[in-house]
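Worksheet for the structure shown next.
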Amino acid sequence: MLLALLSVTLRWRPQIVHSHSTFAGAIARGLSVTGLLPPIIYCPHGWAFEIEQRAKARTFIKWVERKLSHHCERIIAISEAEFSQGVRAGIDVGKISHVPNGIHDIEPGSIRVAPWEDARLKVLFVGRLDRQKGLDVLLAAAKGLEGITSIRIVGESVASIAGAQQELPHVKYLGWMSHADVAAQISSCDVAVMPSRWEGFGLVAIEAMRAAKPVIASAVGGLAEVVHDGVTGALFAAGDHAQLRHLLTDYASRNLVPIGLAARERFLDRYTSDKTEARVYEVYLSVLGKKASIATSTA
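Residue numbering for the sequence shown is 2 to 300, as defined by this note's numbering.
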């Protein structure tokens, strides 16, 4: 990645390098000391220090992020939570711009609907089967609910965790799927569940909201602001499978259509890609304007 970035920069001469995610951000900002790169914009897409880890490791990563923040022009935070986490970690508030994630709109009726005929509450989980995404929390909540829920799991394990892929009669594992197939599963479900233990944003939530589906999610990171509790879905304490079980039981007896429609309205109001693109472009222009003003004053 380092050599590729350097090669492209020297050959193409970009005006900005937009470095997305922790490792790419570390490489680009590290290379900036050579003076060979243009202004760097960094998007952590979830701070590495928010991952479950030992206190010493978290402190060290925060220190690294503070130091590297001096080697980029701007940091894009994809949620208010990520913005606040960066400020609390000691990064200059003037360095961070809040730009919520967004995806392109698709009319719910235009998406293929996967076959899923079931009178029970149709519950969908999409994500890696690892500790972060909290599949074990959903499975613990699902025990005893075979009479009222039908659950589908899209994704596969990337690390071994306790509780992964338990065999329950009302749970079906579908493995990895294409974007189109995931969208079809979302279109078929009654509710999407995101029991993450930490989450910078939560794209699956807005994919479900785009399709007018309610979202039940843990109240962590960006999910706590994407989901309007009690309006477009419901929030529960991370790891609290008893609370999640209560919500699933409640949703199994409710008319979810109004909640789904409210979710779609929130998506259209906040999380479409055109809004994200416009705000990212504003960040680019402000960075280039700053560069131009510095060059003019120096001349």
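Quick reminder that beta carbons are idealized off the backbone N, C-alpha and C, glycines included.
Report task. Mind checking who residue 173 pairs with in its DSSP beta bridge? Result -> For the purposes of this step, residue 173 is taken as the residue at position 172 of the sequence shown. Residue 173 pairs with 153.
**Report entry** Same chain only: Cβ atoms within 7 Å of residue 16, ignoring 5 sequence neighbours per side
**Finding:** Along the sequence shown, read from residue 1 onward, the residue named residue 16 stands at position 15. Cβ neighbours of residue 16 beyond the five flanking positions: 39 and 289.
Report task. Going by CA-CA distance only, name the one from 30, 214 and 13 that's closest to residue 3. Result -> Here residue 3 corresponds to residue number 2 of the sequence shown, with the count starting at 1. Relative to the Cα of residue 3, the nearest Cα in the group 30, 214 and 13 belongs to 30.
Query raised in the report: Would you say residue 198 and residue 244 are within 9 Å of each other, going by their C-beta atoms?
Result: Within the sequence shown, the letter at position 197 stands for residue 198. Within the sequence shown, the letter at position 243 stands for residue 244. Not in contact: residue 198 and residue 244 (Cβ atoms no closer than 9 Å).
Query raised in the report: In chain order, what residues of the same chain have a beta carbon less than 6 Å from the beta carbon of residue 141, not counting five sequence neighbours either side?
Result: Working through the sequence shown from its first residue, we reach residue 141 at position 140. Around residue 141: 242.
Query raised in the report: Taking residue 45 as the reference, which of 22, 229, 57 and 262 has the closest Cα?
Result: Sequence index remark: in the sequence shown, residue 45 carries index 44 (1-based). Of 22, 229, 57 and 262, the residue nearest in Cα terms is 22.
**Report entry** Beta-carbon proximity check, residue 136 vs residue 171, cutoff 9 Å
**Finding:** Counting from 1 along the sequence shown, the entry for residue 136 is found at position 135. Counting from 1 along the sequence shown, the entry for residue 171 is found at position 170. Going by C-beta atoms, residue 136 is not nearer than 9 Å to residue 171.
Query - Secondary structure of residue 43, DSSP reduced to three states - result: Against the sequence shown, residue 43 aligns to sequence position 42. Strand, per DSSP.
Query raised in the report: Going by the CB atoms, is the gap between residue 109 and residue 188 shorter than 9 Å?
Result: One-based indexing of the sequence shown puts residue 188 at position 187. One-based indexing of the sequence shown puts residue 109 at position 108. Yes. Within cutoff.
Query raised in the report: Does the region 105-124 touch the region 79-92, meaning 3 or more C-beta pairs lie closer than 8 Å?
Result: Output reads no: the region 105-124 does not touch the region 79-92.
Query raised in the report: Where does residue 229 fall in DSSP's three states?
Result: Start at 1 with the first residue of the sequence shown, and residue 229 comes out as number 228. When secondary structure is reduced to three states using DSSP, residue 229 falls in the coil class, being assigned neither helix nor strand.
Report task. Check whether the Cβ atoms of residue 202 and residue 47 sit closer than 9 Å, and answer yes or no. Result -> Working through the sequence shown from its first residue, we reach residue 202 at position 201. Working through the sequence shown from its first residue, we reach residue 47 at position 46. Yes. Within cutoff.
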